[in-house]
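In what follows, a structure is listed as structure tokens, so that the remarks can point back to it.
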Amino acid sequence: MNELGKLLIFSGTVLLLLGLALVLGPRVPYLGRLPGDLSFEWGGARVYMPLATSILLSIVLTIILNLLLRR
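Take the sequence shown: its letter number 24 is residue 25 in the numbering used here, and every next letter is one higher.
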């Protein structure tokens, strides 16, 4: 029963953080427009590759998870 409680708390925390990211995400003006985010247009098709944004988010999440999961 103890493990179920921990799982529910962890799941709730993840959902809370995801909800905050969805609400506050559009208010971060530079995210998605960093140097290194590539955008190509061919005719009517547009391809967008957020390389720099992905790398930045990966680094930030790695640091946060390392701090939280350190034993």
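Positions of the beta carbon are idealized from the N, C-alpha and C atoms, including for glycine.
Cβ distance (whole Å) where residue i is taken to contact residue j below 8 Å
i, j, result
"Gly33", "Thr54", "5 Å"
"Gly37", "Leu52", "5 Å"
"Met50", "Leu39", "4 Å"
Check whether residue i and residue j have beta carbons under 8 Å apart
i, j, result
"Leu57", "Leu23", "no"
Three-state secondary structure (DSSP) of residue i
i, result
"Val29", "coil"
"Leu17", "helix"
"Leu62", "helix"
"Leu68", "helix"
"Leu39", "strand"
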